[in-house]
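A.B. asks: Dropping the structure in here first, questions after.
There are 2 protein chains.
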Amino acid sequence: MSTTSPPLVALDWGTSALRGALLSAHGEVLQRRAFDVGIRGVPPGSHHALVQRHFGDWLQTPDARCLICGMAGSREGWVEAPYRACPTRLDALAEHITWIEPDRIGIVPGLSCERDGVPDVMRGEETQLLGALQLLGADTAWLVLPGTHSKWVEVCSGVVSTFATWMTGECYAVLREHTILARSLVAAPDVFDGASFDAGVVHALRSGSLLQSAFGVRAMALFGRVPLERRLSLLSGVVIGEEMRSRPSVQDSEVVIVGSDELGTRYQRALALCGVRSRCVGEDAAWRGLGAVAQAVWS
Amino acid sequence: MSTTSPPLVALDWGTSALRGALLSAHGEVLQRRAFDVGIRGVPPGSHHALVQRHFGDWLQTPDARCLICGMAGSREGWVEAPYRACPTRLDALAEHITWIEPDRIGIVPGLSCERDGVPDVMRGEETQLLGALQLLGADTAWLVLPGTHSKWVEVCSGVVSTFATWMTGECYAVLREHTILARSLVAAPDVFDGASFDAGVVHALRSGSLLQSAFGVRAMALFGRVPLERRLSLLSGVVIGEEMRSRPSVQDSEVVIVGSDELGTRYQRALALCGVRSRCVGEDAAWRGLGAVAQAVWS
Numbered sequence: 108m109s110t111t112s113p114p115l116v117a118l119d120w121g122t123s124a125l126r127g128a129l130l131s132a133h134g135e136v137l138q139r140r141a142f143d144v145g146i147r148g149v150p151p152g153s154h155h156a157l158v159q160r161h162f163g164d165w166l167q168t169p170d171a172r173c174l175i176c177g178m179a180g181s182r183e184g185w186v187e188a189p190y191r192a193c194p195t196r197l198d199a200l201a202e203h204i205t206w207i208e209p210d211r212i213g214i215v216p217g218l219s220c221e222r223d224g225v226p227d228v229m230r231g232e233e234t235q236l237l238g239a240l241q242l243l244g245a246d247t248a249w250l251v252l253p254g255t256h257s258k259w260v261e262v263c264s265g266v267v268s269t270f271a272t273w274m275t276g277e278c279y280a281v282l283r284e285h286t287i288l289a290r291s292l293v294a295a296p297d298v299f300d301g302a303s304f305d306a307g308v309v310h311a312l313r314s315g316s317l318l319q320s321a322f323g324v325r326a327m328a329l330f331g332r333v334p335l336e337r338r339l340s341l342l343s344g345v346v347i348g349e350e351m352r353s354r355p356s357v358q359d360s361e362v363v364i365v366g367s368d369e370l371g372t373r374y375q376r377a378l379a380l381c382g383v384r385s386r387c388v389g390e391d392a393a394w395r396g397l398g399a400v401a402q403a404v405w406s
Numbered sequence: 108m109s110t111t112s113p114p115l116v117a118l119d120w121g122t123s124a125l126r127g128a129l130l131s132a133h134g135e136v137l138q139r140r141a142f143d144v145g146i147r148g149v150p151p152g153s154h155h156a157l158v159q160r161h162f163g164d165w166l167q168t169p170d171a172r173c174l175i176c177g178m179a180g181s182r183e184g185w186v187e188a189p190y191r192a193c194p195t196r197l198d199a200l201a202e203h204i205t206w207i208e209p210d211r212i213g214i215v216p217g218l219s220c221e222r223d224g225v226p227d228v229m230r231g232e233e234t235q236l237l238g239a240l241q242l243l244g245a246d247t248a249w250l251v252l253p254g255t256h257s258k259w260v261e262v263c264s265g266v267v268s269t270f271a272t273w274m275t276g277e278c279y280a281v282l283r284e285h286t287i288l289a290r291s292l293v294a295a296p297d298v299f300d301g302a303s304f305d306a307g308v309v310h311a312l313r314s315g316s317l318l319q320s321a322f323g324v325r326a327m328a329l330f331g332r333v334p335l336e337r338r339l340s341l342l343s344g345v346v347i348g349e350e351m352r353s354r355p356s357v358q359d360s361e362v363v364i365v366g367s368d369e370l371g372t373r374y375q376r377a378l379a380l381c382g383v384r385s386r387c388v389g390e391d392a393a394w395r396g397l398g399a400v401a402q403a404v405w406s
């Protein structure tokens, strides 16, 4: 971004939260805000007012511009931003902004791909990918973006060829809350125990399916093999271990984990148990990615 | 059962239902009843009264006896009936009844086993196994008992060496109701479409994990690849297909499916797609099994 660029209001509007950062003309994060306002709960026609309410002061800065990534661009979001089909260059995102206000407020497209006739999609992660690679100064890497819907992506020379989704975070939550496992987890404290997490990963790697390994958690609790305070760590290990069991082969590559410190630590442990090297890039990847898109659009 | 045996009140009391059959001295099913009274909802101390209310007329028959299988024998049930550890002979079940009223009302034990240090359990299926083998006139078979928690069991010369559980039915329900898939399934009619079910099975067999294949159902719906009325069949195929992908190898054996006609048909289709022969034995296997236990106890 040139030194004459105006500030950027960078928004990541997902299913469960609206996060924002004010970026300087140099792409530095000046301020951050987060609100529990998922895109799904917003009535049609009220998105603009909501952004004004939470970020109006930032947008009042002369010439301020706004770029948005995430589910805001979905069919059930603010304005639908069509998916870019893979393979696609990450630097092509800037050429396919869906403008809400021309040249001022725009939505970054998500990506789609297809394997064996089955489609796959991401929204928001494409921007984090771009930011993570910029933070690393790389254009080729295997990346995993853990979360509700974990994504594995291979980027070669700035091109996303294909990617794949695992419903890891969401399945952890439903196993914990809505299945027979819930009965073994009543009042279980959510403290992290590394050894129990690792045992869960190993159990899942040996198993053939989460349908099977998850029941093991119930049976272990039933037989008093795992105390209450370790059960959530064990289950977390089982579900993340299932993702590891079925993840893409990365050969000798180091895997770049893009996400929160808490999830990053767990994925790094799980990958180490698979003999895979990894490094973590924090959640600021989204802001770096939106900054990079802005630079391409307005420089 | 000798012709002088009194009638048997056979009960299968599970997590979500209480089913009963009145068996003649010859083991014929004379009457059947079913109630939506899962064992979990019954307050401690009120089990006996509840059985009296629903089956009191049967139990009044002179010398009537009662055998119960299922979750009634769990720690949260009526009276805890300790698990029998595998390997165990199915005909040893009769030697390990937990008596509620001596020699009159008893609970059949469940089975437990252990693989790689992880325990597994069944309650109720052991009785269905016994009954299914009697119905087939066999003592050696590979069996699958589909349901909330699907069980795969190998029986050799009447001995259950080990078994394994898949949370197939339960995970189908939570994926359908509590994940992002629910948004694609609003008002989806629950009609069975064979081609969509088969497509789901094939998709799961090609995938490495349900965490991944289930997300494909969401993406296919998003891209208009599967009409609303076929989505539940597709999801059913994906989840049962995941069980097939990770099931035990049965070599050239025919698999015996023990369960309802509806589930039996689905499992038979899914197994055929894997090149595995199968045959179905109906839900009366539980009554036949309880009859066999009664015969061993009282003959």
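Line by line, the protein sequences are chains A and B. The opening position of the first sequence corresponds to residue 108 in the working numbering, with each subsequent residue numbered one higher. The opening position of the second sequence corresponds to residue 108 in the working numbering, with each subsequent residue numbered one higher. Glycine residues also receive a C-beta, built at the ideal position from the N, C-alpha and C atoms.
Under 7 Å Cβ-Cβ, which residues of chain A neighbour B:M274?
C.D. replies: In chain order: T286, L318, A321, F322.
A.B. asks: For A:E369, report the span of its alpha helix (DSSP H) as first-last.
C.D. replies: Unbroken alpha helix (DSSP H) run through A:E369: 368-380.
A.B. asks: Could you give the DSSP three-state label for A:A403: helix, strand or coil?
C.D. replies: Note: A:A403 maps to helix in three-state DSSP.
A.B. asks: Could you pull out every unbroken alpha helix (DSSP H) segment of at least 4 residues lying fully inside the segment 271-319 of chain B, listed in chain order?
C.D. replies: Taking only runs of at least 4 residues, the alpha helix (DSSP H) segments lying wholly in the segment 271-319 of chain B are 275-285, 301-313.
A.B. asks: So which residues on chain A does B:L407 lean against when the C-beta distance must stay under 7 Å?
C.D. replies: Given that chain B is displayed from residue 108 to residue 406, the structure contains no residue 407 of chain B and the question cannot be resolved.
A.B. asks: Kindly indicate if chain A contains any beta-carbon less than 8 Å away from that of B:G315.
C.D. replies: B:G315 counts as touching chain A.
A.B. asks: Determine the chain A residues that contact B:A188 at a beta-carbon separation under 7 Å, and present them in chain order.
C.D. replies: Going along chain A, no residue has its Cβ under 7 Å from B:A188, so there is no contact; the nearest lies around 14 Å.
A.B. asks: Got a sec: is the Cβ-Cβ distance from B:S291 to anything in chain A below 8 Å?
C.D. replies: Not closer than 8 Å to any Cβ of chain A, the Cβ of B:S291 fails to qualify, so no.
A.B. asks: Anything in chain B within Cβ reach of A:S421, meaning under 9 Å, just list it in chain order.
C.D. replies: Residue 421 of chain A lies beyond the stretch modelled for chain A, which goes from 108 to 406, so this question has no answer here.
A.B. asks: Are any of the Cβ atoms in chain A nearer than 8 Å to that of B:S268?
C.D. replies: Chain A contact via Cβ: absent.
A.B. asks: Which residues of chain A have a Cβ atom closer than 8 Å to the Cβ of B:E350, listed in chain order?
C.D. replies: Correct list: S316, L318.
A.B. asks: Got a sec? Which residues, its chain only, sit under 7 Å from B:G184 by beta carbon, not counting five neighbours each side?
C.D. replies: Same-chain partners within the cutoff: I146, M178.
A.B. asks: What's the gap between the Cα of A:T122 and the Cα of B:L130?
C.D. replies: If I take the Cα positions, the gap works out to 55 Å.
A.B. asks: Closest Cβ-Cβ distance between B:V225 and chain A: below 8 Å?
C.D. replies: By this cut-off, B:V225 is an interface position.
A.B. asks: Give every residue of the same chain whose Cβ lies closer than 6 Å to the Cβ of A:M229, excluding the five residues on either side of it in the sequence, and list them in chain order.
C.D. replies: Here the set comprises G217, L218, K258.
A.B. asks: Any C-beta of chain B sitting closer than 8 Å to the C-beta of A:E277?
C.D. replies: Output row for A:E277: interface = yes.
A.B. asks: Could you check where the beta strand (DSSP E) with A:E208 kicks off and where it finishes?
C.D. replies: Unbroken beta strand (DSSP E) run through A:E208: 205-208.
A.B. asks: Taking the continuous beta strand (DSSP E) assigned at A:W165, which residues delimit it?
C.D. replies: It is not in any beta strand (DSSP E) - A:W165 instead sits in the alpha helix (DSSP H) that spans 154-166.
A.B. asks: Name the one or two DSSP bridge partners that A:Q138 has.
C.D. replies: Partner(s): A:L129.
A.B. asks: Closest to A:L118 by C-alpha separation, out of A:V388, A:W206, A:F162, would be which residue?
C.D. replies: For A:L118, the nearest C-alpha among the options comes from A:F162.
A.B. asks: Output, in sequence order along the chain, the residues in the segment 369-388 of chain B whose CB is closer than 7 Å to any CB in chain A.
C.D. replies: If the cut-off is 7 Å between Cβ atoms, the segment 369-388 of chain B has nothing near chain A.
A.B. asks: Following the continuous alpha helix (DSSP H) through B:L341, name the residue where it begins and the one where it ends.
C.D. replies: Looking at the DSSP string, the run of the alpha helix (DSSP H) that includes B:L341 is 338-353.
A.B. asks: What is the residue span of the alpha helix (DSSP H) that A:G180 lies within?
C.D. replies: Segment: none, A:G180 is in no alpha helix (DSSP H) and carries neither H nor E.
A.B. asks: Chain B partners of A:A201, CB-CB under 8 Å?
C.D. replies: The premise fails here: A:A201 is roughly 25 Å from chain B at the closest Cβ pair, so nothing lies under 8 Å.
A.B. asks: A:H155: buried (16+ other C-beta within 10 angstroms of its C-beta) or exposed?
C.D. replies: It is exposed - the Cβ of A:H155 has fewer than 16 other Cβ atoms within 10 Å.
A.B. asks: Using C-beta distances below 6 Å, list every residue in its chain close to A:T168, excluding the 5 sequence neighbours before and after it, in chain order.
C.D. replies: Closer than 6 Å at the Cβ level, and outside the excluded window around A:T168, lie P114.
A.B. asks: Taking only the alpha-carbon atoms, compute the straight-line gap between A:A248 and A:Q358 and give it to the nearest angstrom.
C.D. replies: Each residue's alpha carbon lies about 12 Å from the other.
A.B. asks: Under 8 Å between beta-carbons, which chain B residues line up against A:A271? List them in chain order, please.
C.D. replies: Here the neighbours are Q319.
A.B. asks: For chain B, is any of its Cβ atoms less than 8 Å away from the one on A:A192?
C.D. replies: Judged by the 8 Å Cβ criterion, A:A192 is not in contact with chain B.
A.B. asks: Three Cβ pairs or more, each shorter than 8 Å: is that satisfied between the segment 302-322 of chain A and the segment 331-351 of chain A?
C.D. replies: Yes, the segment 302-322 of chain A is in contact with the segment 331-351 of chain A.
A.B. asks: Is there at least one Cβ from chain A nearer than 8 Å to B:A124's Cβ?
C.D. replies: No, no contact with chain A.
A.B. asks: Name the chain B residues that come within less than 9 Å of A:V149, Cβ to Cβ?
C.D. replies: Within 9 Å Cβ-Cβ: nothing; A:V149 doesn't reach chain B, min ~15 Å.
A.B. asks: Out of A:I364, A:C220, A:G127, A:H256, which has the shortest C-alpha to C-alpha gap to A:R172?
C.D. replies: Selected option, being the one with the closest Cα: A:G127.
A.B. asks: Applying the criterion that 16 or more other CB atoms from any shown protein chain within 10 Å of the CB defines a buried residue, is B:A239 buried or exposed?
C.D. replies: With 16 or more Cβ atoms within 10 Å of its Cβ, B:A239 is classed as buried.
A.B. asks: Nearest chain A C-beta to B:A326 closer than 8 Å, yes or no?
C.D. replies: True, the Cβ-Cβ gap to chain A drops below 8 Å.
A.B. asks: On the three-state DSSP scale, how would you describe B:D198?
C.D. replies: B:D198: helix per DSSP, three-state reduction.
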